[in-house]
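As structure tokens, the structure follows; a few thoughts come after it.
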Amino acid sequence: MAGVVGMRALFTLYQSVKLPCGFWLIPPYLTSRLCSTTTKNNETKPPMNLENESLLENLNLMGVDVKMVRQRQPGVLRKVITNEHGLSLFLQRKGADSKVIASIISRYPRAITRSAEHLEQRWELLRNIFQTDSEIVSIMDRSPESFFRSSDNENLEKNITFLTSLRLKTKDLHRMLTKAPRTFANSLGLNKKMVEFLEGICVELGGKDPQAFAKTVISRNVYILISSTKKVKKNVDYLKASLRLSDAELLALLQGSGAEILDLSNEYLKKNFNNLHQKMVSLGCRKTDVKNLILKFPMVLYLGREKLNTKLECLLKGGIKIKQVVEKPKVLDFSTQNIAERLKELQKVGYDFEKNGINIFDSSKKRFVARIKKLTSQSND
DNA sequence: AAGACCGGGCTCTGCCATGATT
DNA sequence: AATCATGGCAGAGCCCGGTCTT
Numbered sequence: 001m002a003g004v005v006g007m008r009a010l011f012t013l014y015q016s017v018k019l020p021c022g023f024w025l026i027p028p029y030l031t032s033r034l035c036s037t038t039t040k041n042n043e044t045k046p047p048m049n050l051e052n053e054s055l056l057e058n059l060n061l062m063g064v065d066v067k068m069v070r071q072r073q074p075g076v077l078r079k080v081i082t083n084e085h086g087l088s089l090f091l092q093r094k095g096a097d098s099k100v101i102a103s104i105i106s107r108y109p110r111a112i113t114r115s116a117e118h119l120e121q122r123w124e125l126l127r128n129i130f131q132t133d134s135e136i137v138s139i140m141d142r143s144p145e146s147f148f149r150s151s152d153n154e155n156l157e158k159n160i161t162f163l164t165s166l167r168l169k170t171k172d173l174h175r176m177l178t179k180a181p182r183t184f185a186n187s188l189g190l191n192k193k194m195v196e197f198l199e200g201i202c203v204e205l206g207g208k209d210p211q212a213f214a215k216t217v218i219s220r221n222v223y224i225l226i227s228s229t230k231k232v233k234k235n236v237d238y239l240k241a242s243l244r245l246s247d248a249e250l251l252a253l254l255q256g257s258g259a260e261i262l263d264l265s266n267e268y269l270k271k272n273f274n275n276l277h278q279k280m281v282s283l284g285c286r287k288t289d290v291k292n293l294i295l296k297f298p299m300v301l302y303l304g305r306e307k308l309n310t311k312l313e314c315l316l317k318g319g320i321k322i323k324q325v326v327e328k329p330k331v332l333d334f335s336t337q338n339i340a341e342r343l344k345e346l347q348k349v350g351y352d353f354e355k356n357g358i359n360i361f362d363s364s365k366k367r368f369v370a371r372i373k374k375l376t377s378q379s380n381d
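The first sequence maps to residues 1 to 381 in our numbering.
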């Protein structure tokens, strides 16, 4: 093992020392590996468009999907200097198994160009936020690109400082970087731009505390920083116009559950809004009903045409009035199947929606079952 | 105590385009 | 010219349970 560590250190040195004439300083024990790609006149660069045979061999031995690598970042396979062994050892030490390592390299081949030093440093920085190595490994396994796409550790450090300075709760910061790891691969400038953009919206709408506003939006929608200001702006504008919201209404929506739909694709938001509107009108609702529904439950705009329509039909068929849905739209948060099952159960015990409302749908399975049990025993008395 | 209201958990990555760098 | 770094996009919900209200 000590030998391996020593080799890693040398490898790092090897990668970081470039002679003025453009030649690499090559440790003797590595020349065999380089022989396959070294031309007659001692150039260390391989011939154009030729893959590094020994690298291919290494990757194959490691179980990397070379076909995938070739498809994603073919240039990496032509490189003379790579650090696949160092990376592999590094990740093993952090608790990743060989399958995970192979998968990471297959999906983001450039990972093998990062030096041991770089990896170590990056890891240390992330450990400021994540308590365990395994947490970072699992994120890396999920999204290798987020970890490896940028080689700028200084930027990562600045990002962590910046995001921390937003005074997000530790829990929220952690959640953001777990669920949207691309956030810390963004340039500091990009992250700042979004935060400033959000603060600007707040000011524009007459809000008093732009910093708090941005903080709230981010903690409610941890994906917001990996979205673009252009996209978010379009959605904000669209919501404002299509719902004819006042500044105050819009501000309230955005820092409430409306934050969750800000990163929807623009087209999708429009399509879903139009469908919802059309459907509601066809069921005898007015524009204000649509508005109220959306203000109470913005997530309704997440539902595609098919899903929303099926769900509404199911509710109506079960004897629920559209007006009740407008009043308690949370029911739409549950799957059609779940709703259908509950409708059946409720019918059995003769549940009166007119009298009792439809809030009973907004409960966990456990609670629902308990209530049905109670209702059953009551009806048997 | 029952029910209403609400926040939060899960895991939102993998691909393409383009500008920057070497 | 090749490769790297980075921005941006499409995709398409459901469930649980803590805590406040009544």
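All C-beta atoms in this analysis are idealised placements derived from N, C-alpha and C, irrespective of residue type, glycine included.
Asked, Found
"For leucine 177 and threonine 183, believed in contact at Cβ under 8 Å, the rounded distance", "6 Å"
"DSSP state of cysteine 35 mapped onto helix, strand, coil", "Confidence at cysteine 35 is low in this model, with a pLDDT of 30, below 50, so the placement of that residue should be treated as unreliable; the coordinate-derived value is given next. The answer is helix: DSSP assigns cysteine 35 an H, G or I state."
"Burial state of glutamine 255 (16 or more Cβ within 10 Å)", "buried"
"Where the alpha helix (DSSP H) through valine 217 begins and ends", "210-220"
"Alpha carbon of leucine 316 to alpha carbon of lysine 287, nearest angstrom", "20 Å"
"Same chain, Cβ closer than 7 Å to arginine 342, five either side skipped, listed in chain order", "Phe361 and Phe368"
"Neighbourhood of lysine 158 by C-beta, 7 Å cutoff - its chain only, sequence neighbours within 5 removed", "Leu188"
"Reduced DSSP category for aspartate 133 - H, G, I as helix; E, B as strand; rest coil", "helix"
"Contact under 8 Å by Cβ, lysine 328 with isoleucine 358", "yes"
"Residue burial classification, serine 88 (beta-carbon count within 10 angstroms, cutoff 16)", "buried"
"Whole-angstrom distance between arginine 114 and proline 74, CA atom to CA atom", "16 Å"
"Beta-carbon proximity of aspartate 263 to asparagine 292, cut-off 8 Å", "no"
"Where leucine 264 sits in the DSSP three-state scheme", "coil"
"8 Å contact criterion, which leucine 301 and phenylalanine 273 should meet: CB distance rounded", "6 Å"
"Closest Cα partner of isoleucine 224 within the set Gly206, Ser165, Asn191 and Ser282", "Asn191"
"Residues of its chain near proline 181, where Cβ-Cβ distance is below 6 Å and the 5 sequence neighbours each way are ignored", "Ile139, Ser143 and Ser146"
"Secondary structure of glycine 258, DSSP reduced to three states", "helix"
"7 Å Cβ shell around histidine 277 - same chain, five flanking residues per side excluded", "Val290"
"Where arginine 114 falls: helix, strand or coil (DSSP)", "coil"
"Whole-angstrom distance between lysine 365 and lysine 321, CA atom to CA atom", "23 Å"
"Every unbroken alpha helix (DSSP H) inside the stretch 67-98 [4 residues or more]", "84-93"
"Cβ shell of lysine 67 (< 6 Å), same chain only, five flanking positions each side left out", "none"
"DSSP state of tyrosine 238 mapped onto helix, strand, coil", "helix"
"Residue environment, arginine 384, which counts as buried when at least 16 other CB atoms sit within 10 Å", "Given that the chain is displayed from residue 1 to residue 381, the structure contains no residue 384 and the question cannot be resolved."
"For arginine 305, the nearest candidate out of Asn275, Lys296, Val325 and Gly318 (CA to CA)", "Asn275"
"Rounded separation between tryptophan 24 and isoleucine 81 - CA only", "The predicted position of tryptophan 24 is uncertain, since its pLDDT is 35 and thus under 50; no value can be drawn from it."
"Check whether alanine 102 and valine 64 have beta carbons under 8 Å apart", "yes"
"Where the alpha helix (DSSP H) through glutamate 51 begins and ends", "It is not in any alpha helix (DSSP H) - glutamate 51 carries neither H nor E in the DSSP assignment."
"Contained alpha helix (DSSP H) runs [length at least 4] in the stretch 260-335, N- to C-terminal order", "266-282, 287-296, 305-317 and 322-327"
"Beta-carbon gap between isoleucine 105 and glutamate 135 smaller than 8 Å", "no"
"Separation of glutamate 154 from lysine 234, as counted between CA atoms", "32 Å"
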